[in-house]
Amino acid sequence: MKAKRSVLLVVDACVAQSAGETEHPVSCCCRNALLSILGVCHRVVMTEAIQDEWNHHMSRFTRKWFRSMVARKKIHRSEGMRLSHLDEVCEGLPTNEQDGLRKDVCLIEAACAADGIVVTRDDVIVGIWQKCQD
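Count along the sequence shown from 1, then add 4; that gives the number in my numbering.
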(Lines of atoms letter the chains of each structure in order from A and count residues from 1; the text may use other names and numbers.)
(Lines give C-alpha, C1' and ligand atoms only; values in the text may rest on other atoms or scores of the structure.)
Protein backbone atom coordinates (compact mmCIF):
# COMPACT_ATOMS: atom_id res chain seq x y z
CA MET A 1 0.00 0.00 0.00
CA LYS A 2 1.29 3.46 -0.92
CA ALA A 3 2.07 5.89 1.86
CA LYS A 4 -0.21 8.93 1.82
CA ARG A 5 1.45 12.22 1.01
CA SER A 6 0.48 15.05 3.30
CA VAL A 7 -0.15 18.25 1.37
CA LEU A 8 0.04 21.78 2.76
CA LEU A 9 -3.08 23.67 1.66
CA VAL A 10 -3.81 27.38 1.84
CA VAL A 11 -7.51 27.94 2.55
CA ASP A 12 -8.99 31.34 1.75
CA ALA A 13 -11.17 33.05 4.38
CA CYS A 14 -14.07 33.08 1.89
CA VAL A 15 -14.22 29.28 2.23
CA ALA A 16 -14.10 29.56 6.03
CA GLN A 17 -16.94 32.08 5.93
CA SER A 18 -19.10 30.08 3.52
CA ALA A 19 -18.72 26.77 5.36
CA GLY A 20 -21.84 27.06 7.46
CA GLU A 21 -24.31 24.48 8.65
CA THR A 22 -27.03 25.25 6.08
CA GLU A 23 -27.94 23.09 3.11
CA HIS A 24 -27.15 25.83 0.59
CA PRO A 25 -24.95 24.32 -2.17
CA VAL A 26 -22.04 26.72 -1.57
CA SER A 27 -22.17 26.14 2.17
CA CYS A 28 -22.29 22.36 1.66
CA CYS A 29 -19.34 22.37 -0.74
CA CYS A 30 -17.17 24.53 1.51
CA ARG A 31 -18.09 22.50 4.59
CA ASN A 32 -17.36 19.23 2.77
CA ALA A 33 -14.00 20.58 1.59
CA LEU A 34 -13.01 21.45 5.16
CA LEU A 35 -14.25 18.10 6.49
CA SER A 36 -12.22 16.31 3.80
CA ILE A 37 -9.10 18.18 4.87
CA LEU A 38 -9.79 17.21 8.48
CA GLY A 39 -10.36 13.57 7.55
CA VAL A 40 -7.21 12.99 5.51
CA CYS A 41 -3.56 13.68 6.18
CA HIS A 42 -3.48 17.18 4.63
CA ARG A 43 -2.59 20.22 6.71
CA VAL A 44 -3.57 23.88 6.44
CA VAL A 45 -1.01 26.68 6.20
CA MET A 46 -1.77 29.60 8.48
CA THR A 47 0.21 32.84 8.29
CA GLU A 48 -0.49 35.76 10.59
CA ALA A 49 -2.26 37.65 7.76
CA ILE A 50 -4.42 34.65 6.86
CA GLN A 51 -5.25 34.04 10.53
CA ASP A 52 -6.36 37.68 10.90
CA GLU A 53 -8.60 37.33 7.85
CA TRP A 54 -10.03 34.04 9.16
CA ASN A 55 -10.73 35.58 12.58
CA HIS A 56 -12.99 38.15 10.89
CA HIS A 57 -14.83 35.66 8.67
CA MET A 58 -15.12 32.29 10.46
CA SER A 59 -18.54 30.71 10.69
CA ARG A 60 -19.56 28.79 13.81
CA PHE A 61 -18.90 25.52 11.94
CA THR A 62 -15.45 26.72 10.89
CA ARG A 63 -14.53 27.66 14.46
CA LYS A 64 -15.27 24.08 15.59
CA TRP A 65 -13.42 22.68 12.56
CA PHE A 66 -10.40 24.89 13.26
CA ARG A 67 -10.23 23.77 16.90
CA SER A 68 -10.28 20.15 15.69
CA MET A 69 -7.46 20.90 13.25
CA VAL A 70 -5.37 22.50 16.02
CA ALA A 71 -6.03 19.54 18.34
CA ARG A 72 -4.82 17.15 15.63
CA LYS A 73 -1.75 19.33 14.95
CA LYS A 74 -2.87 19.89 11.36
CA ILE A 75 -2.29 23.65 11.32
CA HIS A 76 1.10 24.59 9.89
CA ARG A 77 2.22 28.04 11.07
CA SER A 78 4.27 29.84 8.44
CA GLU A 79 5.54 33.29 7.59
CA GLY A 80 4.95 32.72 3.89
CA MET A 81 7.42 33.65 1.19
CA ARG A 82 7.81 37.37 0.56
CA LEU A 83 7.23 38.01 -3.14
CA SER A 84 9.90 40.52 -4.06
CA HIS A 85 8.79 40.54 -7.69
CA LEU A 86 5.13 41.40 -6.97
CA ASP A 87 5.29 44.79 -8.71
CA GLU A 88 6.85 43.15 -11.77
CA VAL A 89 4.07 40.54 -11.88
CA CYS A 90 1.41 43.23 -11.43
CA GLU A 91 2.66 45.35 -14.34
CA GLY A 92 1.21 43.01 -16.94
CA LEU A 93 -2.19 42.70 -15.26
CA PRO A 94 -5.29 44.89 -15.62
CA THR A 95 -5.93 47.27 -12.70
CA ASN A 96 -8.75 45.18 -11.18
CA GLU A 97 -6.51 42.08 -11.19
CA GLN A 98 -3.66 44.09 -9.64
CA ASP A 99 -6.01 45.11 -6.81
CA GLY A 100 -7.15 41.49 -6.37
CA LEU A 101 -3.57 40.26 -6.25
CA ARG A 102 -2.51 42.85 -3.69
CA LYS A 103 -5.58 42.11 -1.54
CA ASP A 104 -4.93 38.37 -1.53
CA VAL A 105 -1.13 38.39 -1.79
CA CYS A 106 -0.94 36.66 1.61
CA LEU A 107 -2.57 33.59 0.01
CA ILE A 108 -0.08 33.58 -2.85
CA GLU A 109 2.89 34.05 -0.50
CA ALA A 110 1.70 31.19 1.71
CA ALA A 111 1.12 28.95 -1.31
CA CYS A 112 4.63 29.69 -2.62
CA ALA A 113 6.09 28.65 0.74
CA ALA A 114 3.91 25.52 0.85
CA ASP A 115 2.77 23.12 -1.88
CA GLY A 116 1.27 25.76 -4.19
CA ILE A 117 -2.38 24.86 -3.59
CA VAL A 118 -4.98 27.50 -2.71
CA VAL A 119 -8.53 26.46 -1.79
CA THR A 120 -10.78 29.41 -2.63
CA ARG A 121 -14.13 30.41 -4.09
CA ASP A 122 -12.57 33.49 -5.71
CA ASP A 123 -12.18 32.87 -9.44
CA VAL A 124 -10.19 36.08 -9.85
CA ILE A 125 -7.38 34.99 -7.51
CA VAL A 126 -7.30 31.56 -9.19
CA GLY A 127 -6.80 33.19 -12.59
CA ILE A 128 -4.11 35.51 -11.26
CA TRP A 129 -2.36 32.59 -9.51
CA GLN A 130 -2.34 30.64 -12.78
CA LYS A 131 -0.86 33.62 -14.65
CA CYS A 132 1.83 34.02 -11.99
CA GLN A 133 2.81 30.36 -12.27
CA ASP A 134 3.30 30.59 -16.05
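A virtual CB, placed ideally from N, CA and C, is assigned to each residue, including glycine.
Decide if residue i is buried, meaning its Cβ has at least 16 other Cβ atoms within 10 Å, or exposed.
i: E113; result: buried
i: S72; result: exposed
i: D103; result: exposed
i: V15; result: buried
i: R164; result: With the chain running from 5 to 138 in the structure shown, residue 164 is simply not present.
Quick one: residues in its chain with C-beta nearer than 6 angstroms to the C-beta of residue i, no 5 flanking neighbours on either side, listed in chain order?
i: C116; result: M85
i: L38; result: A23 and W69
i: K78; result: R47
Could you name the residues of the same chain whose beta carbon sits closer than 7 angstroms to that of residue i, not counting the 5 residues immediately before and after it, in chain order?
i: I41; result: L13 and V48
i: W58; result: A17 and A20
i: R81; result: M50
Taking Cβ to Cβ, would you say residue i is nearer than 9 angstroms to residue j?
i: V128; j: E95; result: no
i: V30; j: S22; result: yes
i: G24; j: R64; result: yes
i: T26; j: C33; result: no
i: D126; j: D108; result: yes
Under a three-way DSSP split, which group does residue i fall into?
i: L105; result: helix
i: V11; result: coil
i: V130; result: helix
i: M73; result: helix
i: H60; result: helix
Leaving aside the five residues before and after residue i along the sequence, list all residues of the same chain whose C-beta is less than 8 angstroms from its C-beta, in chain order.
i: R9; result: C45
i: V130; result: V122 and T124
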